[in-house]
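Everything on this sheet refers to the single structure shown next.
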Amino acid sequence: MTLKLESKAIKAAVPQLKFRTQAFIDGRYVNAIAGKTYDSINPATGKPLAQLAACEAADVDAAVKAARRSFEQGVWSTRSPAERKAVLLRLADLMEQNVGELALLDCLDAGKPITDCLTMDGPDSAHCFRWHAEAIDKDYAQVAPTGPDQVAMIVREPLGVIGAILPWNFPLQMAAWKLGPILATGNSVVVKPARQTSLSVLRLAELAAEAGLPEGVLNVVPGSGSVIGAALCKHPGVDAVAFTGSTEVGRLLLQYSAESNLKRIVLELGGKNPQVVFDDAGDLDYIAQQALSCVFWNMGENCSSGSRLIVHRKLKNKLLARMIEFSKDWIVGNPLDPATKVGPLIEASHLNKVLEYIESGKQEGAKLVLGGRRTLLKTGGFFVEPTIFDGVKPTMTIAREEIFGPVLSVLTFDTEAEAIALANDTQYGLTASLYTENLSRANRVARAIRAGTVSVNCFSEGDATTPFGGYKQSGFFGRDKSIFAHYQYCELKTIWMQLT
Ligand code: NAP
Ligand code: MG
2 MTLKLESKAI
12 KAAVPQLKFR
22 TQAFIDGRYV
32 NAIAGKTYDS
42 INPATGKPLA
52 QLAACEAADV
62 DAAVKAARRS
72 FEQGVWSTRS
82 PAERKAVLLR
92 LADLMEQNVG
102 ELALLDCLDA
112 GKPITDCLTM
122 DGPDSAHCFR
132 WHAEAIDKDY
142 AQVAPTGPDQ
152 VAMIVREPLG
162 VIGAILPWNF
172 PLQMAAWKLG
182 PILATGNSVV
192 VKPARQTSLS
202 VLRLAELAAE
212 AGLPEGVLNV
222 VPGSGSVIGA
232 ALCKHPGVDA
242 VAFTGSTEVG
252 RLLLQYSAES
262 NLKRIVLELG
272 GKNPQVVFDD
282 AGDLDYIAQQ
292 ALSCVFWNMG
302 ENCSSGSRLI
312 VHRKLKNKLL
322 ARMIEFSKDW
332 IVGNPLDPAT
342 KVGPLIEASH
352 LNKVLEYIES
362 GKQEGAKLVL
372 GGRRTLLKTG
382 GFFVEPTIFD
392 GVKPTMTIAR
402 EEIFGPVLSV
412 LTFDTEAEAI
422 ALANDTQYGL
432 TASLYTENLS
442 RANRVARAIR
452 AGTVSVNCFS
462 EGDATTPFGG
472 YKQSGFFGRD
482 KSIFAHYQYC
492 ELKTIWMQLT
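Numbering-wise, the working numbering puts 140 at position 139 of the sequence shown, and it's gapless, one number per residue.
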């Protein structure tokens with residue numbers, strides 16, 4: 002289904018949607034073995050959207066066995082690079098042909114604005130598969146510098162069976178970031194999407210089968226993280242787990258690995274990202290708009306959300322006034338409306354958590370200058386106003402903890418050294434952005450900030466060609482995107498040959 006970005010077309014398309022609600026194991030949709038189901042909620046209405054299979058450890062075991070069998074049989078793992086590339090390119094084509102459907106699924110299931118789903122998440126996810134597919138037959142192995150009587154080849158081989166545990170904030174895109182490199186390198190995989198947002202990933206599995214991915218290579222088990230996420234991480238038949246989510250659950254995964262088979266764990270975790278604006282920054286209108294996108298995009302439910310604005314004291318009032326003016330563009334509303342830029346938060350408990358952070362900001366003495374309240378209550382949805390606090394001190398809770406909502410803390414500085422110290426004053430290190438017209442300062446500060454991605458004079462996570470992941474407690478072991486993501490899903494083998 003393709004979809005025009007206009008209300009009438011969107012309204013007409015919703016009733017035509019068909020939800021895939023069963024687990025996808027060994028190439029077919031199946032109920033959970035115990036027959037249990039759970040409701041996925043539409044966060045814009047608070048009402049159930051679909052009833053999904055509530056998988057348990059036995060279902061995970063079936064999925065891992067299917068993945069293992071497909072891996073051992075070599076139906077994917079030993080296919081030629083050109084053949085694997087062709088299948089993943091077909092998948093990217095199919096995703097583009099069905100982008101309207103995939104976008105609507107994420108919009109309804111996660112409350113993400115349809116404009117974002119249709120113009121970013123959908124096409125970017127297809128592009129992600131295409132990029133990794135194209136890389137497959139362009140990445141060479143190496144030959145070591147031996148003497149003339151030996152040949153030593155250093156080759157990469159797929160790890161085997163990978164578990165992918167996904168968050169709810171970018172359901173389709175996080176699946177693409179994990180599955181692109183995992184499948185490109187010849188692995189088989191069991192995906193555990195977030196409990197709240199499994200619909201687009203379940204549909205993706207069907208598209209992958211249609212593209213020619215053999216049975217058992219890609220399996221999807223919906224259900225609760227503490228049940229099936231844990232079962233996947235403790236499973237002796239899983240060689241690695243790729244995870245995006247909270248730092249707290251990331252820690253558990255490392256324990257599960259240590260207690261089971263020392264499987265490789267790749268963690269992409271939270272952030273408390275700084276946006277630093279120097280007094281020699283350029284056009285303030287532009288910066289105000291970038292800064293708002295950086296914190297409010299995706300309702301602030303974004304690990305790279307720039308939730309700390311660290312601005313030179315001289316510029317602060319001017320920049321803040323412009324940001325408040327432009328915040329009117331951040332329309333809160335029904336995510337199915339193309340004009341909406343801020344949809345609901347994912348669920349009631351998360352909304353309450355965000356409201357508690359807003360309350361703590363007020364209690365600890367920060368000055369609320371925008372928003373701060375739950376809104377659109379009549380819809381039954383979990384909406385909150387975009388919120389800005391001025392006069393935030395580095396010790397306040399809202400300056401230290403990841404809120405995962407549209408809440409900005411504004412802090413000020415006088416010197417470059419102070420700005421760098423504030424930017425780094427966090428347990429996290431995922432992304433940062435900085436604004437200055439001085440090239441030497443841009444280079445100096447970008448290198449001094451301890452974060453995996455630093456964007457200069459813009460808010461950016463880079464593109465498919467650049468690695469994404471965190472320093473400090475924002476990440477562990479690997480990166481999403483780019484060719485670097487391939488290597489973490491591979492073993493490195495030396496083949497040493499003695500010749501006569
Ligand atoms: P989360 O609990 O870390 O969820 C991420 C994934 O891990 C989900 O699929 C979840 O399953 C699963 N999971 C939960 N407990 C598990 C366990 N014991 N073993 C294995 N897997 C497990 O994150 P959340 O509850 O969705 O959100 C909580 C906070 O995490 C957010 O407020 C935010 O701070 C952070 N977060 C960060 C990102 C990011 O992109 N860095 C994304 C999402 C959330 P369920 O679906 O059943 O929970
Ligand atoms: Mg949902």
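Idealized CB from N, CA, C, for every residue including glycine.
Task: 6 Å Cβ shell around L219 - same chain, five flanking residues per side excluded - done: V190, A206 and A209
- [ ] Drop a sphere of 10 angstroms on the beta-carbon of I496, count the other beta-carbons inside from all chains shown, and report buried for 16 or more, exposed for fewer.
- [x] exposed
Open item on the list: Going by the DSSP bridge assignment, what does Q276 pair with across the sheet?
Closed with: L310 and S434
Open item on the list: Can you determine whether any heavy atom of the ligand MG sits closer than 7 Å to the C-beta of L337, and answer yes or no?
Closed with: no
Open item on the list: How far does the alpha helix (DSSP H) with D391 in it extend, from its first residue to its last?
Closed with: That residue, D391, is in no alpha helix (DSSP H); its beta strand (DSSP E) goes T388 to D391.
TODO: Spatial neighbours of K86 within its chain, please: CB distance less than 6 Å, with the 5 preceding and 5 following residues excluded, ordered by chain position.
DONE: A134, I137 and D138
- [ ] Put C491 into one of helix, strand or coil per three-state DSSP.
- [x] strand
Open item on the list: Please tell me whether, using a cut-off of 7 Å, the distance from the CB of D284 to the nearest non-hydrogen atom of the ligand MG is below it.
Closed with: no
Task: Same chain, Cβ closer than 8 Å to Y358, neighbours up to 5 away in sequence not counted - done: T398, I399, E402, I404, G406 and V408
- [ ] Please report how far the alpha carbon of L316 lies from the alpha carbon of A418, in whole angstroms.
- [x] 17 Å
Task: Boundaries of the alpha helix (DSSP H) in which T505 is found, first to last residue - done: Limits of the chain in this structure are 2 at one end and 501 at the other, which puts residue 505 out of reach.
- [ ] Kindly examine the ligand MG and report whether one of its heavy atoms sits closer than 7 Å to the Cβ of A111.
- [x] yes
Task: Range of the contiguous alpha helix (DSSP H) that encloses G164 - done: Not the alpha helix (DSSP H): G164 falls in the beta strand (DSSP E), residues V162 to I166.
Open item on the list: Closer than 7 Å to a non-hydrogen atom of the ligand NAP - does that hold for the CB of H351?
Closed with: yes
- [ ] Let me know if N439 comes out buried or exposed under the rule of 16 or more other beta-carbons within 10 Å of its beta-carbon.
- [x] exposed
Open item on the list: Tell me whether S225, by its Cβ, gets closer than 7 Å to a heavy atom of the ligand NAP.
Closed with: yes
Open item on the list: Considering only DSSP beta bridges, list what N220 is partnered with.
Closed with: V191
- [ ] Rounded to whole angstroms, what's the CA-CA distance from D464 to E97? Just pull it up for me.
- [x] 18 Å
Open item on the list: In whole angstroms, give me the CA-to-CA distance for G164 and G272.
Closed with: 23 Å
Open item on the list: Rounding to the nearest angstrom, what Cα-Cα distance links G560 and W132 in this structure?
Closed with: This structure cannot speak to residue 560, because the chain is shown only from 2 to 501.
Task: Delimiting residues of the beta strand (DSSP E) encompassing R29 - done: R29 to V31
- [ ] Tell whether a beta-carbon distance below 8 Å holds between D330 and K319.
- [x] no
- [ ] Would you kindly report the start and end of the unbroken alpha helix (DSSP H) that includes S71?
- [x] A58 to Q74
TODO: Could you work out which residue in G148, P16 and G101 is closest to Q499 when comparing CA atoms only?
DONE: G148
Open item on the list: Taking contact to mean 3 or more Cβ pairs, one atom from each stretch, closer than 8 Å, check whether the region 241-252 and the region 64-84 are in contact.
Closed with: no
Task: Run of the alpha helix (DSSP H) containing V503, from where it starts to where it stops - done: In this structure the chain extends from 2 to 501, so residue 503 is not present and cannot be described.
Task: V250: CB within 7 Å of a non-hydrogen atom of the ligand HEM - done: Absence of the ligand HEM from the depicted structure is noted, with the ligand NAP and the ligand MG being the only ligands included.
Task: Any chain B beta carbon closer than 8 Å to L92 - done: Absent here is chain B; the protein component of the structure consists of one chain.
- [ ] On a CA-only basis, which of P124, A55, G372 and G47 is nearest L4? Give me that one, please.
- [x] P124
Task: Exposure of Q474, with buried meaning 16 or more beta-carbon neighbours within 10 Å - done: buried
Open item on the list: Below 7 Å, is the gap between the Cβ of L378 and the nearest heavy atom of the ligand MG?
Closed with: no
Open item on the list: Assuming contact is defined by CB atoms lying nearer than 8 Å, are V267 and F478 in contact in what I supplied?
Closed with: yes
- [ ] Within the same chain, show all residues whose beta-carbon is closer than 8 Å to that of H128, passing over the 5 residues directly before and after it, in chain order.
- [x] A93 and A465
TODO: Determine the burial state of Q489: buried for a count of at least 16 other Cβ atoms within 10 Å of its Cβ, exposed for fewer.
DONE: buried
Open item on the list: Is W169 a contact residue of the ligand NAP, with contact defined as CB to any heavy atom under 7 Å?
Closed with: yes
Task: Q499, DSSP secondary structure in three states - done: strand
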